[in-house]
Every structure is written in C-alpha cells, then in structure tokens.
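> Residue numbers (our numbering): 1 to 308.
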Ligand code: BDR
Ligand code: CA
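1) How do the region 217-232 and the region 253-260 stand: do at least 3 beta-carbon pairs fall below 8 Å, yes or no?
2) Give the secondary structure of residue 293 by DSSP, where H, G and I count as helix, E and B as strand, and everything else as coil.
3) Is it true that the CB of residue 65 sits closer than 7 Å to the CB of residue 33?
4) Going by C-alpha to C-alpha distance, which of 196, 274 and 202 sits closest to residue 242?
5) Determine the DSSP secondary structure at residue 258, reduced to helix, strand or coil.
6) Do residue 150 and residue 244 have their C-beta atoms closer together than 7 Å?
7) Relative to the C-alpha of residue 182, which candidate in 263, 265, 141 and 61 has its C-alpha closest?
8) Whose C-beta lies closer than 7 Å to the C-beta of residue 251 among residues of the same chain, with five residues either side of it excluded?
9) For the beta strand (DSSP E) that contains residue 102, what are its first and last residues?
10) Does the region 71-90 touch the region 106-119, meaning 3 or more C-beta pairs lie closer than 8 Å?
11) How should residue 305 be labelled, buried or exposed, when 16 other C-beta atoms within 10 angstroms of its C-beta is the threshold for buried?
12) Among 99, 230 and 167, which has the Cα closest to the Cα of residue 271?
13) Can you tell which of 216, 202 and 95 has the C-alpha that lies nearest to the C-alpha of residue 235?
14) Can you give the beta carbon distance from residue 124 to residue 7, rounded, assuming they're within the 8 Å contact cut?
15) Confirm the yes/no value for this check: CB of residue 65, any heavy atom of ligand 2, distance under 6 Å.
16) Just checking residue 150 against ligand 4 - is the residue's beta carbon closer than 6 Å to any of the ligand's heavy atoms?
17) With a threshold of 8 Å on Cβ separation, who are the neighbours of residue 24 within its own chain once the five nearest residues in sequence on each side are excluded?
18) Leaving out the 5 sequence neighbours to the left and right, which residues in its chain are closer than 8 Å to residue 190 when beta-carbon positions are compared?
19) Spatial neighbours of residue 22 within its chain, please: C-beta separation below 8 Å, excluding the five flanking residues on both sides.
20) Tell me the rounded alpha-carbon separation between residue 9 and residue 205.
21) First and last residue of the alpha helix (DSSP H) that includes residue 122?
22) So which residues put a beta carbon under 7 Å from any heavy atom of ligand 2, going in chain order?
23) Tell me residue 146's beta-bridge partners as DSSP assigns them.
24) Contact check, residue 176 vs residue 35 under 8 Å by CB: the rounded distance?
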C-alpha cells in the first residue's frame, strides 16, 4: 500500500478524489490537509470532515492549512462550479470529528520525516501548504517520494483564465516556489484531466444504486455538470482531482514527459500560466514530469469501480 497525504480544497471533484482514495485498496491515507481555493480553508476543512464521515472514513485526521496565498489577496470562491458551500449546495450533516490542532505544513513535514522516501503527497488545491512546508524544512525535498499535483495547463487552454488553471491561479507564487524547489513533481493538468469525463449516464448509474453516498455524489455532480455545460463542456465534467489520485494508484494511466516548467507570476494577462519548455534543446534541466496522454477509458473504469 502506498502511503499518501492528500491536500484538498474540498470542492466537488476533491470530494470524489477523497472517496476514491479511501476506497482504493492500494492507498493508505496518513492524513488529509486542507487549503483555500474553491472555497475558504474553513469551509474546505468542514467539507473534508463531512465527506470523510459520509464515506465511512471519519477516523482519518484532517489538518487545516493556509487561509490565504503567500503574497496576494485571497481570490473569490469558485461558486459557479462548486456552489456556495463547495459541495454544489448539497447539504451533509455537521461533522462529529474536529480538525486536528497541528497545522497542515507541520503535519506534512513530520510525516515525510517519519517515513523517508515513502510518502506521496497529492495536492489538488492551492500549493500554499506545500510551499510553506518546504520553506520551513527544505530537507523534505529529498525525503518525499513524489508530489503529484493536480494543476496547470501546459498544452491546452486554462480554466480560470484563458491560459491559467484554477489551482495555480489560487496561489501562483506558491506554485512557482514549489516548482523551483527541486522536489520531484508529476503534473496532472488540464492537458489530461479534461480528457477524463464523468457523464450524465454515470450519474444515472449512481442514482440506480440508491445509496446515501451514491445519491450525494449524483446530486453534487449534477450541479458540477450544469456549470460545465454553461461554459461549453456539454459532454460531462472533468475528473481533475480523482485523476491525480489515479496516477498514484497506477502511473500507467498516463504518459509523462520530463520538462522544465515555470509559473508566470507577472500579474499580466499570462499570469499563473504553466510554461513548459517543449523544445528539443531546452534552456534548463527538467523539473517536472508532465502528463500529456491518458488512457481515459481504463482510468474512468477504475475510478467508477472504487469511488464508492
Ligand atoms: C481544479 O480546480 C478546482 O476547482 C478543482 O477542485 C480542481 O482541483 C481544476 O482546475
Ligand atoms: Ca481541488
């Protein structure tokens, strides 16, 4: 079993990623850390506790993290996609469990140091917690097994701006810092996540299962799909965060290309863009393994098998 820490801004697809990771027989979740992005960090922490309890994993500890970007102001919540509460306005009972007192970055450092070369960190929200962890304990760069990041758009358009993806936009300086830190990164960006779609037929199958969990996910994802349809994606919604979990479970779902990637922090129209040097003779050595192809049928099948 692979030991993982999942850093989330729960969020509809974050909720699916958590449930998929909980039910996957290949992963051991050491803890879940929370950040801002789709919603505030307080809301992300509440949603994470609620979702873990719903899927029968209320014993997994949740560590609250950063409430704002490293240097910028907090951006608006992603209400159009994730609703006012982050879970498509579908209500869950208030959580029984309380969040841990230890902060997210502190938990990342302690866990990575306790299990050298054994922890895979999956970040599916802003990268602020990881940036803070590396600043406080740079030695984790060589102690972590790998960081799998849902973020960026290297070869395709963005989703938050014409060129930038939402998780990178949430804190471009944090993403830039992490990319330059030397930590081993696999980047699961819109390049591949927009090829792994959940469709209305899948939601119908969930409704037919007729369980508390299946109705919750179907109701929530219907809101997500309606939002996707409004911006022109009528076929379904991207399984962004679940694909990052999937890549940890089975790296053969994707094909990666080593590349030098930098994050634009200029504040201009290209702000938060992930610029990958795809030239035959790049100017700098590669720092990121970028996923550019995905076996979407095999991944979606695996996701549907384990998400609930
Ligand atoms: C990413 O941004 C968030 O809105 C989603 O939860 C996902 O992590 C997709 O760009
Ligand atoms: Ca997310």
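Even for Gly, the Cβ is constructed at its ideal location relative to N, Cα and C.
No experiment lies behind these values; they were computed from the predicted model shown.
This is what the structure gives:
1) no
2) strand
3) yes
4) 196
5) strand
6) yes
7) 141
8) none
9) Run containing residue 102: none; DSSP gives neither H nor E here.
10) no
11) exposed
12) 167
13) 202
14) 7 Å
15) no
16) This structure does not include ligand 4; its bound ligands are ligand 1 and ligand 2.
17) 245, 249 and 306
18) 152, 153, 156, 157, 158, 159, 165, 238 and 240
19) 29, 52, 55, 56, 57 and 60
20) 27 Å
21) Run containing residue 122: none in the alpha helix (DSSP H); it sits in the beta strand (DSSP E), 119-123.
22) 8, 9, 11, 13, 14, 37, 38, 124, 125, 150, 167, 240 and 241
23) 120
24) 16 Å between Cβ atoms; not a contact.
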